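Residue numbers (the working numbering): 6 to 409.
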């Protein structure tokens with residue numbers, strides 16, 4: 006990962022708006038036409054990111070969308086070992102869902118169905134309507150055989166499309182870096198039941214080993230790997246009876262699993278992303294960063310991308326006064342939020358970055374978004390405006406920090 010030369014470099018969390026014609030192809034399910042369109046669509050989204058002023062760019066997660074599988078579902082075509090089996094009503098659930106603690110404080114909100122809505126507003130078409138009763142799942146994922154990675158061809162196509170787009174820009178004299186976001190082992194395996202391996206530990210280490218194949222393909226290609234691991238922060242909600250000590254014991258083992266997944270890979274090409282989930286909900290029961298930051302930085306990555314822009318977590322820059330960022334590491338706080346359609350003012354972004362610089366050092370800082378924002382705000386125009394504001398705010402902060 007590069008460091009800025011007298012400036013703060015910029016990036017984002019992953020998901021970006023798609024061209025309308027690609028969406029139509031995806032809706033139509035024409036696999037051949039989708040595959041033919043993807044390379045040029047990736048080139049276009051790289052152009053849009055660079056036009057906004059971003060330094061480290063990606064493919065917009067178009068390939069995930071093209072598989073009609075979204076943030077996490079894409080990986081199930083690349084890793085085998087699970088089956089969807091009927092849920093045994095007599096068997097207690099392995100865990101609750103991502104807002105279990107919030108639900109206890111806001112029963113009316115959750116009874117209304119609004120908790121299913123997108124992050125950018127109370128109701129989004131295709132998410133929920135007031136009064137809707139969410140359907141409980143009747144099947145669940147169960148590991149019934151050896152966890153095996155079979156997505157070599159798929160990740161090779163992802164890599165080829167992004168590398169071509171980045172190379173075209175570099176050939177034109179525009180320095181840029183490319184990253185690919187890949188699901189983390191906790192987010193892939195922890196929610197499913199294990200009925201194959203002798204223990205939960207062996208099961209989760211097998212998940213980590215399988216994902217390492219994808220991770221290694223990304224770093225071998227010279228790209229930056231972003232490990233998408235929101236469960237590092239959201240696990241607290243899944244287990245509403247846990248104490249903070251219970252969570253920390255779990256996260257100590259989670260760090261070992263994540264580190265196993267990247268064992269032998271170059272840390273300087275890896276950044277770890279975590280957040281508190283993208284749901285439009287109160288988030289009053291999110292675990293505080295102060296309880297997990299010291300464990301997060303034990304992950305053997307160079308960069309740590311952390312949700313920092315929304316109103317439940319924007320104050321947590323002060324955590325880094327007490328938790329010292331290790332030497333050589335880079336913090337990538339989200340200074341633009343996916344939880345609102347309001348476009349952050351560049352001066353606010355500059356202020357947020359200056360706060361972080363005061364506790365981790367300006368040389369150890371990049372500017373990012375809380376999460377992928379392509380499907381979380383009301384319109385693509387807002388997404389591009391937010392990213393442009395991000396770049397402008399980083400420019401303002403950099404000018405002031407290095408002038409001083």
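Don't be surprised by glycine CBs; every beta carbon is placed ideally from N, CA and C. Please read these numbers as outputs of a predicted model, since none were measured by experiment.
Excluding sequence positions up to five before and after residue 220, its CB lies within less than 7 Å of the CB of 187, 230, 266, 267 and 270, all in the same chain and listed in chain order. Residue 277 has its alpha-carbon roughly 20 Å from the corresponding atom of residue 67. Classified as exposed, residue 10 has fewer than 16 neighbouring CB atoms from the shown chains inside 10 Å of its CB. With respect to the C-alpha of residue 98, the residue from 400, 244 and 295 having the closest C-alpha is 244. Apart from sequence neighbours up to five positions away, the residues of its chain that approach residue 310 with a beta-carbon distance below 6 Å are 276, 278, 337 and 373, ordered along the chain. Across the set 252, 239 and 257, the C-alpha of 239 shows the shortest separation from the C-alpha of residue 312. Inter-segment contact for the region 156–168 and the region 88–105 is absent: fewer than three beta-carbon pairs are separated by less than 8 Å.
If you ignore the 5 residues before and after residue 339, its C-beta comes within less than 6 Å of the C-beta of 312, 313, 314, 373, 374 and 375, all in its own chain and listed in chain order.
Close CB contacts of residue 397 within its chain, under the 6 Å cut and outside five residues either way in sequence, are with 351 (chain order).
The secondary-structure analysis by DSSP pairs residue 148 across a beta bridge with 87 and 199.
Within the same chain, 38, 39 and 42 come within 7 Å of residue 30 by CB-CB distance, once the 5 residues on both sides are set aside.
If you draw a straight line from the Cα of residue 251 to the Cα of residue 6, it is about 34 Å long. Around the beta-carbon of residue 69, 16 or more other beta-carbon atoms lie within 10 Å, marking it buried. Looking from the CA of residue 86, the closest CA among 298, 44, 58 and 202 belongs to 202. Rounded to whole angstroms, the gap between the alpha carbons of residue 272 and residue 215 is 18 Å. Of the candidates 258, 406 and 241, 258 places its Cα closest to the Cα of residue 213. Residue burial is scored here from C-beta neighbours: residue 179 has fewer than 16 other C-beta atoms within 10 angstroms and is therefore classed as exposed. Counting of Cβ neighbours within 10 angstroms places residue 112 among the exposed residues, the total staying below 16. Close CB contacts of residue 290 within its chain, under the 6 Å cut and outside five residues either way in sequence, are with 106 and 107 (chain order).
Contact annotation, residue 379 with residue 233: C-beta distance approximately 14 Å; criterion of less than 8 Å not satisfied.
Secondary structure of residue 182 (DSSP, three-state): strand.
In the structure shown, the three-state DSSP call for residue 6 is coil.
In this structure, residue 24 lies near residue 46, with their beta-carbon atoms less than 7 Å apart.
A direct Cα-to-Cα measurement between residue 377 and residue 181 gives close to 19 Å. Residue 365 and residue 406 do not touch by the CB rule: their CB atoms are close to 12 Å apart, not below 8 Å. Excluding sequence positions up to five before and after residue 167, its CB lies within less than 8 Å of the CB of 47, 51, 63, 64, 183, 185 and 228, all in the same chain and listed in chain order.
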